[in-house]
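Asker: Residues in the sequence shown are numbered consecutively from 49, following the numbering used here. Quick one: this structure, given as C-alpha cells, is what I'll be asking you about.
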Amino acid sequence: MAPLNRRNLLFHAPVALSTLAAWATAGARPAQGAAGGVPAATAFTPSETGGRSPQDIARDESYWFDVQQAFTIDRSIVNFNNGGVSPAPAVVQQALARNLAFANEAPAYTMWRVLEPQKETVRERMARYFGCDKEEMAFTRNASESLQICQLGFDFEPGDEVVASTQAYGRMVTTFKQRERRDGIKLVQFQIPIPAEDTAEVVRLYEEQITSKTKLILATHMINITGQIMPIKEIVAMGRRHGVPVLVDGAHAFAHFPFRHEDLDCDYYTSSLHKWLFAPIGTGMLYVRKDKIAGLWPLMAANEKQDDDIRKFEEIGTHPCPHYLAIADALTFHQGIGPENKAARLVYLRDRWAKRILENPRVKLHTSLNDGLACGIATVQIEGIDSRELADHLWNNHRIFTVGIKHAEFEGIRVSPSVYSTIEEVDRFAELMERAVKKGIA
Ligand SMILES: Cc1ncc(COP(=O)(O)O)c(C=O)c1O
49 MAPLNRRNLL FHAPVALSTL AAWATAGARP AQGAAGGVPA ATAFTPSETG GRSPQDIARD
109 ESYWFDVQQA FTIDRSIVNF NNGGVSPAPA VVQQALARNL AFANEAPAYT MWRVLEPQKE
169 TVRERMARYF GCDKEEMAFT RNASESLQIC QLGFDFEPGD EVVASTQAYG RMVTTFKQRE
229 RRDGIKLVQF QIPIPAEDTA EVVRLYEEQI TSKTKLILAT HMINITGQIM PIKEIVAMGR
289 RHGVPVLVDG AHAFAHFPFR HEDLDCDYYT SSLHKWLFAP IGTGMLYVRK DKIAGLWPLM
349 AANEKQDDDI RKFEEIGTHP CPHYLAIADA LTFHQGIGPE NKAARLVYLR DRWAKRILEN
409 PRVKLHTSLN DGLACGIATV QIEGIDSREL ADHLWNNHRI FTVGIKHAEF EGIRVSPSVY
469 STIEEVDRFA ELMERAVKKG IA
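Shown next as C-alpha cells:
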C-alpha cells in the first residue's frame, strides 16, 4: 500500500477527503505564545512541513495542488471573488450533508437531542482557536446577524452618537441609519486614507470623532472594498480611554490571517464563517466579553434567566443545526493547512499579480502591499478604464469573476483569490489586465 501522506489521501476520495481533516490535525501542535491557559491556534508541525517557513510553503505548488483538489469548484471559470462568500471544501460539504441527512431521520430527536448538544464541542473548539472562553462564543448565521445583535442591542438615548468610517460595510451603515430614524441617534462617519499606511493616523482619525455623546465605535478589521487591515488593538485601547466600546466587524479577517483575541482585546467581535474559514454558507460567530453579555439585548427575545448566557444570542427559533456542526470540519481543514501557511499563500498570490501589473504607471493599487496592512484581498484600478466595465469585460469575455467597485472616494476591481486558486489562473488574470492597459477593453 502507498505510504500515508497528504497526496495519497486526497487522491483516494471520497474516503480520502473525509479523512484529510483527521489526518491533518493528527500532527497539529499548540503554537508558541499561548496565554492564560488557552492553547494558541494550531498549525502543522515543522516536521510535517519539513521545518519550512510559511513563505517557503507559499511557493510550493505541490503543497497547494493538494489543497486545490480538496475543493469541488468549477475550473471553467476563475472565481476571484472569494471575499464575498467562499466555496466549502468537500470535507465540509460532506459533513453538512451527513448531518443534514441524520437530522432528517427524526429531527425532533436526531437534530434537537443528538446533534444540537454537539454544538457545545464546536463552541469549545472555536473559542480555543479564537482565544476566548467558550461562554463568550455564540454562533450566528453570518456577520450581519452578529453585528446587528450589537448595533441594535445597545440601549441608546436620542442624541447618542456612534462612529464609523465611510468605508464601513453598507448593511452596517444601513442598520445605524435605521436607528437614526427610529431612536434619534446620530451616525458620525469620517474618511480614512486609501490605502491607510500610517496606523497612528488611523487611530487619531477615530479619536477625533469622539464627543461626550459617543456611545459606540464600529471598526472594520479588514475593509471589504480594499482589503485594508485596521489597527484594532490600538483603536480599542483608545476607545477604552474614552469609555467608548468598540464593535469589531471581522467579516473578512477571521481565518484569513492569524490573530487571536488577545491581539485585539475588544469586547465585541463578529465574523462570517462562510468567508475565510470555508464553513457552510449561513454560519457566523459573535464574541462578547463575559461581563458585557448581560448589557447587550439579543435580536430575538430570550428568557430573563439567560441574561448573562452567551446562548441568548442563539435564540432564533428552529434552525438547521448541521451547519453549525460542520464549522468543526472547516476549522479542522483550516488548522490542517496552517493559518500562517494560508495567509502566506494568499499574500504570495496577491503579490504575484499585483507587483506584475503595477509595473505599468496607469495601474493604481488601493491596497497597501506592506506587511500586516492587507492579505489576500486587493483592489486595483486601471486609470482611463471604468472599473465596473473592466469587471464586466473580465467576466463576459474571459470568465474571470472580480467585483467592480465605485465608492465615493475611489474605484477599482476587487480581486480575492483563495487557497484553491492556481498560479495559472493568477497569471492569466495579470496578463489580461496588461492587455487591457495596452489595448483597452472595447
Ligand atoms: C466588512 C463586512 N462586514 C459585514 C459583511 C456581512 O457579511 P454577511 O453577508 O456574511 O453577513 C460583509 C460582507 O461581505 C463585509 O464585507
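Cβ coordinates follow ideal geometry from the N, Cα and C atoms, glycine included. The structure presented is a predicted model; accordingly, all values stated were derived computationally and were not measured.
#1: Would you grab the beta carbon distance between residue 373 and residue 166 for me? Rounded to a whole angstrom, and I think it's under 8 angstroms.
#2: Within the present structure, is the beta-carbon of residue 272 separated from the nearest heavy atom of ligand 1 by less than 7 angstroms?
#3: In the segment 205 to 266, which residue ranges form an unbroken alpha helix (DSSP H) of at least 4 residues, counting only runs that do not cross its ends?
#4: For the alpha helix (DSSP H) containing residue 286, name the first residue and the last one.
#5: What residues are listed by DSSP as bridge partners for residue 421?
#6: Is the beta carbon of residue 136 sitting closer than 8 angstroms to the one on residue 327?
#7: Between which two residues does the beta strand (DSSP E) carrying residue 320 extend?
#8: For a test of the three-state rule: what should DSSP assign to residue 457, helix, strand or coil?
#9: Measuring alpha carbon to alpha carbon, tell me which of 401, 414, 314 and 164 ends up nearest residue 245.
#10: Taking C-alpha atoms, which residue in 457, 208, 334 and 100 lies nearest to residue 358?
#11: Indicate the three-state DSSP secondary structure (helix, strand or coil) for residue 312 in the structure shown.
#12: CB residue 279 to CB residue 247, shorter than 8 angstroms?
#13: Return yes when the C-beta of residue 195 is under 7 angstroms from any heavy atom of ligand 1, and no when it is not.
#14: Can residue 195 and residue 371 be called in contact, C-beta distance under 8 angstroms?
#15: Let me check understanding here. Comparing Cα to Cα, which of 454, 470, 288 and 164 lies closest to residue 365?
#16: Could you tell me how far apart the beta carbons of residue 447 and residue 124 are, in whole angstroms, since I believe they sit closer than 8 angstroms?
#17: Closest to residue 208 by C-alpha separation, out of 229, 262, 362 and 132, would be which residue?
#18: Can you have a look at residue 300 and say buried or exposed, based on whether 16 or more other CB atoms are within 10 angstroms of its CB?
#19: Would you mind sorting residue 80 into buried or exposed? The rule is 16 or more other CB atoms within 10 Å of its CB.
#20: I need the straight-line Cα distance from residue 477 to residue 398, nearest angstrom please.
#21: Can you tell me where the beta strand (DSSP E) with residue 399 in it begins and where it stops?
#22: Within the chosen definition, does the segment 228 to 246 reach the segment 184 to 194 through at least 3 CB pairs nearer than 8 angstroms?
#23: Does ligand 1 have even one heavy atom less than 7 angstroms from the beta-carbon of residue 367?
#24: Just the Cα atoms here: how many angstroms apart are residue 407 and residue 401?
#25: Residue 230: which of 213, 204, 250 and 249 sits nearest, CA to CA?
#26: Could you say which of 180, 437, 391 and 316 lies nearest to residue 490 if we only look at CA atoms?
#27: Between residue 113 and residue 349, what straight-line distance do the alpha-carbon atoms span, to the nearest angstrom?
#28: Give me the Cβ distance between residue 361 and residue 264, rounded to the nearest whole Å; I'm assuming they're in contact under 8 angstroms.
#29: Quick one: what's got a C-beta closer than 7 angstroms to residue 192's C-beta in the same chain, skipping five residues either side?
#30: Could you check if residue 219 belongs to the surroundings of ligand 1, using beta carbon to heavy atom distance under 7 angstroms?
#31: Just the C-alpha distance for residue 70 and residue 159, rounded to the nearest angstrom, thanks.
#32: For the candidate residues 253, 183 and 305, whose alpha-carbon lies nearest to that of residue 424?
#33: I'd like the ranges of any alpha helix (DSSP H) spanning at least 4 consecutive residues and lying wholly in the segment 125 to 192.
#34: Under 7 angstroms from any heavy atom of ligand 1, does the C-beta of residue 470 make it?
#35: Helix, strand or coil: which one does DSSP assign to residue 467?
Answerer: Taking the geometry as given:
#1: Start at 1 with the first residue of the sequence shown, and residue 373 comes out as number 325. Start at 1 with the first residue of the sequence shown, and residue 166 comes out as number 118. Going by Cβ atoms, the distance from residue 373 to residue 166 rounds to 6 angstroms, so yes, they are a contact pair.
#2: What you label residue 272 is simply residue 224 of the sequence shown in a count that begins at 1. Checking every heavy atom of ligand 1 against the Cβ of residue 272, one is found closer than 7 angstroms.
#3: 218 to 231 and 247 to 256
#4: Walking along the sequence shown from the start, residue 286 turns up at place 238. Its alpha helix (DSSP H) spans residues 280 to 289.
#5: One-based indexing of the sequence shown puts residue 421 at position 373. Beta-bridge pairing links residue 421 to no other residue.
#6: Numbered from its first residue, the sequence shown carries residue 136 at position 88. Numbered from its first residue, the sequence shown carries residue 327 at position 279. Contact: yes.
#7: As a first step, residue 320 is located in the sequence shown; it is residue number 272 there, counting from the start. Secondary structure note for residue 320: its beta strand (DSSP E) is the uninterrupted segment 316 to 320.
#8: For this step, residue 457 is matched to residue 409 along the sequence shown. The answer is coil: DSSP assigns residue 457 none of H, G, I, E or B.
#9: Here residue 245 refers to the residue found at position 197 when the sequence shown is read from its first residue. Selected option, being the one with the closest Cα: 414.
#10: Taking the first residue of the sequence shown as position 1, residue 358 is located at position 310. Considering only alpha carbons, the answer is 334.
#11: By 1-based counting over the sequence shown, the position of residue 312 is 264. Of the three classes helix, strand and coil, the one that applies to residue 312 here is coil, per DSSP.
#12: Mapped onto the sequence shown, residue 279 falls at position 231. Mapped onto the sequence shown, residue 247 falls at position 199. The answer is yes: Cβ separation under 8 angstroms.
#13: Reading the sequence shown from its first residue, position 147 is the one you call residue 195. Correct: residue 195 has its Cβ closer than 7 angstroms to ligand 1.
#14: Position 147 of the sequence shown, counted from the start, is the residue given in the question as residue 195. Position 323 of the sequence shown, counted from the start, is the residue given in the question as residue 371. For residue 195 and residue 371, no; Cβs fall outside 8 angstroms.
#15: For the purposes of this step, residue 365 is taken as residue 317 along the sequence shown, with counting starting at 1. Among 454, 470, 288 and 164, the Cα nearest to that of residue 365 belongs to 164.
#16: Reading the sequence shown from its first residue, position 399 is the one you call residue 447. Reading the sequence shown from its first residue, position 76 is the one you call residue 124. That belief holds up - the Cβ atoms of residue 447 and residue 124 are roughly 7 angstroms apart, short of 8 angstroms.
#17: Counting from one through the sequence shown, the residue named residue 208 turns up at place 160. When each option's Cα is compared against that of residue 208, the closest is 262.
#18: On the sequence shown, residue 300 is found 252 positions in, with the first residue counted as 1. Around the beta carbon of residue 300, 16 or more other beta carbons sit within 10 angstroms, so the residue counts as buried.
#19: In the sequence shown, counting from the first residue as 1, residue 80 sits at position 32. With a pLDDT of only 30 at residue 80, under the threshold of 50, the placement of this residue in the model should not be trusted; the figure read from the coordinates follows. Exposed: under 16 other Cβ atoms inside 10 Å.
#20: Locating residue 477 in the sequence shown gives position 429, where the first residue counts as 1. Locating residue 398 in the sequence shown gives position 350, where the first residue counts as 1. Cα to Cα, the separation comes out at about 11 angstroms.
#21: Here residue 399 corresponds to residue number 351 of the sequence shown, with the count starting at 1. Where residue 399 is concerned, there is no enclosing beta strand (DSSP E), although the alpha helix (DSSP H) it sits in stretches over 387 to 405.
#22: no
#23: Sequence index remark: in the sequence shown, residue 367 carries index 319 (1-based). No, ligand 1 has no heavy atom inside 7 angstroms of this Cβ.
#24: Walking along the sequence shown from the start, residue 407 turns up at place 359. Walking along the sequence shown from the start, residue 401 turns up at place 353. The straight-line gap from Cα to Cα measures roughly 11 angstroms.
#25: Against the sequence shown, residue 230 aligns to sequence position 182. Among 213, 204, 250 and 249, the Cα nearest to that of residue 230 is on 204.
#26: On the sequence shown, residue 490 is found 442 positions in, with the first residue counted as 1. Nearest of 180, 437, 391 and 316 to residue 490, Cα basis: 437.
#27: Taking the first residue of the sequence shown as 1, we reach residue 113 at position 65. Taking the first residue of the sequence shown as 1, we reach residue 349 at position 301. Distance between the alpha carbons of residue 113 and residue 349: 47 angstroms.
#28: What you label residue 361 is simply residue 313 of the sequence shown in a count that begins at 1. What you label residue 264 is simply residue 216 of the sequence shown in a count that begins at 1. Contact doesn't hold; Cβ gap of about 17 angstroms is too wide.
#29: Counting from 1 along the sequence shown, the entry for residue 192 is found at position 144. Within the same chain, residue 192 has close Cβ partners 219.
#30: Against the sequence shown, residue 219 aligns to sequence position 171. Yes, Cβ of residue 219 sits closer than 7 angstroms to a heavy atom of ligand 1.
#31: In the sequence shown, counting from the first residue as 1, residue 70 sits at position 22. In the sequence shown, counting from the first residue as 1, residue 159 sits at position 111. Caution applies to residue 70, whose pLDDT of 31 falls short of 50 and renders its modelled position unreliable; the value that the coordinates give is listed next. So the alpha carbons of these two residues sit roughly 24 angstroms apart.
#32: Residue numbering aside, residue 424 sits at position 376 when the sequence shown is read from its first letter. Sorting 253, 183 and 305 by C-alpha distance to the C-alpha of residue 424 places 305 at the top.
#33: Counting whole runs of 4 or more residues, the segment 125 to 192 contains the alpha helix (DSSP H) stretches 138 to 151 and 164 to 178.
#34: Counting from 1 along the sequence shown, the entry for residue 470 is found at position 422. Annotation for residue 470 indicates a beta carbon at 7 angstroms or more from all heavy atoms of ligand 1.
#35: Working through the sequence shown from its first residue, we reach residue 467 at position 419. Coil at residue 467, not helix or strand.
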